[in-house]
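In my numbering, the protein residues as written are 420 to 532.
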Ligand code: AMP
Ligand code: ZN
């Protein structure tokens, strides 16, 4: 937990938010500013900013989290395909420096690569 981190605060229920999924490793919320019909954030509970900052063992944890996304297909409207985005640092426009995976779904995506 990092004190001034919004995603840590949500993870620890210090800020109220609807969690669509939660386990010991990660949780999923709706993005507050959706860029797509459905826009979720999968957030590992451990605080670190980017992949290069990952503590030992976290690559496996994040891999496990990603692997469960297809099991949430119906709930997250992923049946017709979806896109995962992980912004890393300034050039990518990363706004929240706590690693997270955007999950976009529910429409054709010809707006970004
Ligand atoms: P990024 O630019 O990859 O760091 O994405 C951060 C994302 O977090 C943005 O899409 C924001 O809309 C989203 N966001 C910021 N604060 C909240 C919040 N309290 N609840 C849900 N989503 C948030
Ligand atoms: Zn954090």
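The beta-carbon is built from N, C-alpha and C at its ideal position, and this holds for glycine as well.
Alpha carbon of residue 434 to alpha carbon of residue 474, nearest angstrom
Residue 434 sits at position 15 when you count from the first residue of the chain shown. Residue 474 sits at position 55 when you count from the first residue of the chain shown. So the two alpha carbons sit approximately 25 Å from each other.
Just checking my contact of residue 455 with residue 514 at CB under 8 Å: how many whole Å lie between their CB atoms?
Residue 455 sits at position 36 when you count from the first residue of the chain shown. Residue 514 sits at position 95 when you count from the first residue of the chain shown. Rounded, the Cβ-Cβ distance is 17 Å, inconsistent with contact.
Please classify residue 451 as buried or exposed, where buried requires at least 16 neighbouring CB atoms within 10 angstroms.
Within the chain shown, the letter at position 32 stands for residue 451. Exposed is the call here.
Per the contact definition of three or more C-beta pairs closer than 8 Å, is the segment 479–486 in contact with the segment 423–439?
no
Under 7 Å: does the beta carbon of residue 458 sit that close to some heavy atom of the ligand ZN?
Locating residue 458 in the chain shown gives position 39, where the first residue counts as 1. Answer for residue 458: no, Cβ out of range of the ligand ZN.
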